[in-house]
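In full-length UniProt numbering, the protein residues as written are 1 to 359. Below is one structure, written out as structure tokens; comments come after it.
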Ligand SMILES: Cc1ncc(COP(=O)(O)O)c(C=O)c1O
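Written out as structure tokens, the structure reads:
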């Protein structure tokens with residue numbers, strides 16, 4: 001038996017690592033990043049602020065200054081706190097870690113196709129993952145969701161709002177009925193990674209639903225590189241999740257940068273507004289192309305269905321345009337491509353290249 005066979009558990013050995021596409025020199029439209037850098041004036045002010053950070057000290061694990069700003073700027077209800085993660089990816093792992101049980105596996109229910117980290121976190125922590133297919137138009141199959149909740153009694157339901165990879169914003173009444181069905185039994189996570197582009201949120205509804213957790217990230221807002229996610233819920237629940245959080249999980253440079261960003265949130269909100277309007281323009285332009293189906297999106301990306309999507313994807317790659325080929329992820333996504341909405345200039349390059357590739 002090899003060392004690896006002896007040491008690493010079989011399900012990990014059997015899987016492949018999370019693949020990130022090589023993107024040097026590409027027009028990068030695969031990861032839902034904000035295309036805009038910080039304005040020069042803010043860059044200089046941030047550089048000064050970062051130069052004053054005490055790199056020799058551990059972060060202060062209460063992160064009071066940053067949490068206060070997030071509460072104020074992100075509409076966290078009075079009396080509610082947040083906990084921070086190294087990206088919301090880490091928060092997703094922490095939830096699984098806190099909820100997994102040894103004797104009888106706790107369950108996660110979520111619509112599929114969905115964000116891959118929900119399934120991975122379940123696998124790593126030893127939770128059972130139950131994916132409920134969306135309808136072919138990518139709305140929730142609410143009957144199937146409610147009967148899965150009834151049948152499986154999950155501990156956690158994930159709803160990404162808007163949904164990745166489809167961009168759908170699920171119907172508010174249906175989401176509310178899921179929260180109701182989980183009441184007294186388990187928690188519902190409203191994963192609002194794309195909230196800046198949806199202008200819809202369950203954050204203000206936290207006081208109505210003790211079993212609701214609202215999760216956000218600064219990644220899509222323009223700060224994917226600093227890795228910061230946060231989530232809010234009733235204090236009793238947050239206190240439990242906080243026990244599995246490594247005490248210094250958010251580093252001092254991220255902390256200082258995020259505080260700075262919260263102090264200049266108007267700049268990021270303005271960028272999000274441009275991206276929202278670009279999304280509508282790009283959707284209209286793609287819709288005019290022959291044979292292309294564009295799905296409605298409330299996020300900073302568009303999901304489209306294209307005849308021979310695999311070939312189109314490869315042709316775009318050859319032209320140094322990187323988008324995401326979703327076809328292999330799930331049968332519902334056959335011939336689907338996902339494109340991050342970018343600046344007017346980059347969207348134009350994409351449209352020109354894409355039009356040439358579907359000829
Ligand atoms: C629905 C959803 N949740 C969470 C994340 C992770 O965000 P973060 O960059 O904060 O880890 C993503 C990233 O793409 C996402 O699509």
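Beta carbons are placed, not taken as given, at the ideal position from N, Cα and C, and that holds for glycine. Just so we're clear, the structure is a prediction, and the values are computed from it rather than from any experiment.
Starting from the C-beta of residue 301, find all residues in its chain whose C-beta is less than 7 Å away, skip the five residues before and the five after it, and write them out in chain order. Mapped onto the chain shown, residue 301 falls at position 301. Cβ neighbours of residue 301 beyond the five flanking positions: 32, 167, 338, 339, 340 and 341.
Just to confirm, does residue 227 get its C-beta within under 8 Å of one of the non-hydrogen atoms of ligand 1? Stepping through the chain shown from its first residue, residue 227 is reached at position 227. Result yes, Cβ under 8 Å from ligand 1.
How many Å lie between residue 197 and residue 160 at the Cα? For the purposes of this step, residue 197 is taken as the residue at position 197 of the chain shown. For the purposes of this step, residue 160 is taken as the residue at position 160 of the chain shown. Taking the straight line joining both Cα atoms gives about 13 Å.
Are the CB atoms of residue 235 and residue 75 within a distance shorter than 9 Å? Taking the first residue of the chain shown as position 1, residue 75 is located at position 75. Taking the first residue of the chain shown as position 1, residue 235 is located at position 235. Going by C-beta atoms, residue 75 is not nearer than 9 Å to residue 235.
Roughly how far, in whole angstroms, is the beta-carbon of residue 206 from the beta-carbon of residue 232, given that I think they are within contact range, below 8 Å? Along the chain shown, read from residue 1 onward, the residue named residue 206 stands at position 206. Along the chain shown, read from residue 1 onward, the residue named residue 232 stands at position 232. Going by Cβ atoms, the distance from residue 206 to residue 232 rounds to 6 Å, so yes, they are a contact pair.
Whose beta carbon lies closer than 5 Å to any heavy atom of ligand 1, going through the chain in order? 87, 88, 89, 115, 160, 164, 191, 193, 217, 219 and 229
Coil, strand or helix - residue 108 by DSSP: As a working note, residue 108 is residue 108 in the chain shown. Strand, per DSSP.
Assigned secondary structure, residue 182 (DSSP; H/G/I helix, E/B strand, else coil): Translated into positions along the chain shown, residue 182 becomes position 182. Correct three-state label for residue 182: helix.
Taking C-alpha atoms, which residue in 212, 84, 137 and 7 lies nearest to residue 226? In the chain shown, counting from the first residue as 1, residue 226 sits at position 226. Ranking the options by Cα distance to residue 226, first place goes to 84.
Taking its Cβ as the centre, do 16 or more other Cβ atoms sit within 10 Å of residue 194, making it buried, or is it exposed? Translated into the one-based positions of the chain shown, residue 194 becomes position 194. When all chains shown are included, residue 194 counts as buried.
Which whole runs of the alpha helix (DSSP H) in the stretch 20-54 are 4 residues long or more, in chain order? 40-51
For residue 223, which of 148, 272 and 171 has the nearest alpha-carbon? What you label residue 223 is simply residue 223 of the chain shown in a count that begins at 1. It is 272.
Closest to residue 87 by CA distance: which of 104, 324 and 192 is it? The sequence position of residue 87 within the chain shown is 87, counting from 1. Out of 104, 324 and 192, 192 has the C-alpha closest to the C-alpha of residue 87.
Continuous beta strand (DSSP E) stretch holding residue 168: start and end: Numbered from its first residue, the chain shown carries residue 168 at position 168. Per DSSP, residue 168 belongs to no beta strand (DSSP E) and is neither H nor E.
Where residue 262 falls: helix, strand or coil (DSSP): Mapped onto the chain shown, residue 262 falls at position 262. In the structure shown, residue 262 sits in a helix (DSSP, three-state: H, G or I).
Pairwise C-alpha distance: residue 269 and residue 103: To locate residue 103, count along the chain shown from 1; it is residue 103. To locate residue 269, count along the chain shown from 1; it is residue 269. Looking at the two C-alpha atoms, the distance is approximately 46 Å.
Nearest-angstrom Cα separation, counted from residue 115 out to residue 179: Along the chain shown, read from residue 1 onward, the residue named residue 179 stands at position 179. Along the chain shown, read from residue 1 onward, the residue named residue 115 stands at position 115. One C-alpha to the other measures close to 19 Å.
Touch check for the stretch 93-110 and the stretch 128-139: three-plus C-beta pairs under 8 Å? yes
Please determine, among 202, 139 and 211, the residue with the shortest C-alpha to C-alpha distance to residue 155. Within the chain shown, numbered from 1, the residue matching residue 155 stands at position 155. Checked all of 202, 139 and 211; the closest Cα to residue 155 is 211.
Do the CB positions of residue 250 and residue 37 come within less than 9 Å of each other? Stepping through the chain shown from its first residue, residue 250 is reached at position 250. Stepping through the chain shown from its first residue, residue 37 is reached at position 37. Contact flag unset, no.
According to DSSP, is residue 145 helix, strand or coil? By 1-based counting over the chain shown, the position of residue 145 is 145. Residue 145 falls in the helix class under three-state DSSP.
Sorted by chain position, which residues of the same chain lie with C-beta nearer than 6 Å to residue 357's C-beta, five sequence neighbours on each side aside? Walking along the chain shown from the start, residue 357 turns up at place 357. Contacts found: 312, 315 and 316.
Cα-Cα separation between residue 228 and residue 19, rounded to whole angstroms: Here residue 228 corresponds to residue number 228 of the chain shown, with the count starting at 1. Here residue 19 corresponds to residue number 19 of the chain shown, with the count starting at 1. Computed Cα separation, rounded: 21 Å.
Let me know the beta strand (DSSP E) ranges lying completely inside the stretch 50-96, each 3 residues or longer, listed in chain order. 81-85
What do you reckon, are the CB atoms on residue 203 and residue 174 nearer than 9 Å? Your numbering for residue 203 matches position 203 in the chain shown. Your numbering for residue 174 matches position 174 in the chain shown. No; because the gap between Cβ atoms is not below 9 Å, this pair is not in contact.
Cut-off 8 Å between Cβ atoms - residues of its own chain near residue 217, not counting five sequence neighbours on either side: Here residue 217 refers to the residue found at position 217 of the chain shown. Same-chain partners within the cutoff: 87, 88, 193, 228, 229 and 230.
Specify, as a first and last residue, the run of the alpha helix (DSSP H) that residue 132 falls within. For this step, residue 132 is matched to residue 132 along the chain shown. That residue, residue 132, is in no alpha helix (DSSP H); its beta strand (DSSP E) goes 128-133.
Check whether the Cβ atoms of residue 95 and residue 121 lie closer than 9 Å to each other. Residue 95 sits at position 95 when you count from the first residue of the chain shown. Residue 121 sits at position 121 when you count from the first residue of the chain shown. Yes, they are a contact pair.
Based on Cα-Cα distance, which residue from 258, 334, 126 and 293 lies nearest to residue 12? Locating residue 12 in the chain shown gives position 12, where the first residue counts as 1. The shortest C-alpha separation from residue 12 is found at 126.
Environment of residue 287 [buried if 16+ CB atoms lie within 10 Å]: Position 287 of the chain shown, counting from 1, holds the residue named residue 287. Burial call: exposed.
Exposed or buried, what is residue 56 when buried is set at 16 or more other beta-carbons lying within 10 Å of its beta-carbon? Reading the chain shown from its first residue, position 56 is the one you call residue 56. It is exposed - the Cβ of residue 56 has fewer than 16 other Cβ atoms within 10 Å.
Threshold first: 4 residues or longer. Then list the alpha helix (DSSP H) segments lying entirely within the stretch 231-317, N to C. 235-244, 252-263 and 265-287
Would residue 34 and residue 275 be called neighbours here (beta carbons separated by less than 9 Å)? Residue numbering aside, residue 34 sits at position 34 when the chain shown is read from its first letter. Residue numbering aside, residue 275 sits at position 275 when the chain shown is read from its first letter. Going by C-beta atoms, residue 34 is nearer than 9 Å to residue 275.
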